[in-house]
Amino acid sequence: MSYTQIYYHMVFSTKNRLPAFHKDQRKTLYNYLWGILKNKKCHLYQMGGMEDHIHMLTSVHSTVSIADLIRDLKTSSAAWIKKETLFPHFIGWQNEYGAFTKSHSHRDVVVSYIKNQEEHHKTESFLDEFKRLLREEGISFEDRYIQ
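To convert, count from 1 in the sequence shown and add 73; that's our numbering.
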């Protein structure tokens, strides 16, 4: 038997960061995404976000590629959102995403960060937040690719 603990803080936004997710319906979307994670043998610790983006902290099963997981989350949820018409302003997901590994000792800090998204975004836009997360993780990027 193999033993792993791989935590990912994943962040992705709506296409063009359009505000599409009404607060009263977000939980339905989160539950759908949680179902995908469970089917992939991933454990969700926290999910949250705002009208234009989602954060989640999940442990990822060792057989699951992070790129495949995020592709499946985005593809399945986009089709489901369009079918269910819960979010009429949703036109799709932005191509880019962030996936940052976290240590077990930082798990509770990330959970708290995700829980406090509404408070946090009173002072910082998603675009600024995303760039800050990239810088904090030591990931170089060019502004022209972060649209």
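The beta carbon of each residue, even a glycine, is placed where N, CA and C say it ideally should be.
Rounded C-alpha distance that separates residue i from residue j
i    : j    : result
N104 : H193 : 23 Å
F85  : T174 : 15 Å
I187 : M74  : 32 Å
K147 : H116 : 18 Å
R90  : Y76  : 38 Å
M83  : D141 : 13 Å
S150 : K114 : 17 Å
E169 : D181 : 26 Å
K156 : Q167 : 19 Å
L159 : I212 : 35 Å
F163 : P92  : 8 Å
D125 : S135 : 30 Å
Q214 : D97  : Sequence inspection shows Phe at residue 214; the Gln mentioned does not correspond to that position. Approximately 34 Å between the Cα atoms of the pair.
H179 : H128 : 15 Å
R208 : I154 : 32 Å
L106 : N189 : 19 Å
P161 : F199 : 21 Å
Reduced DSSP secondary structure (H/G/I, E/B, other) of residue i
i    : result
Y103 : helix
L117 : strand
L206 : helix
L146 : helix
S185 : helix
L110 : helix
S75  : coil
F94  : coil
S178 : helix
Counterpart residues of residue i in DSSP-defined beta bridges
i    : result
V84  : H128, G171
M123 : H126
W166 : T87
Cut-off 8 Å between Cβ atoms - residues of its own chain near residue i, not counting five sequence neighbours on either side
i    : result
K111 : L117
D145 : I109, K113
H177 : Q78, Y80
Integer Cβ distance of residue i from residue j, believed to fall under 8 Å
i    : j    : result
L130 : V184 : 6 Å
Y218 : V133 : That pair is no contact at about 25 Å.
Same chain, Cβ closer than 6 Å to residue i, neighbours up to 5 away in sequence not counted
i    : result
H95  : none
Q119 : L130, V184, I187
Chain-order list of residues whose beta-carbon lies under 7 Å from that of residue i (same chain, five-residue window excluded)
i   : result
K88 : I164, G165, W166, Q167
Check: residue i C-beta below 6 Å from any heavy atom of the ligand PLP
i    : result
K114 : Only the bare structure without any ligand can be found here, which leaves the ligand PLP out of the picture.
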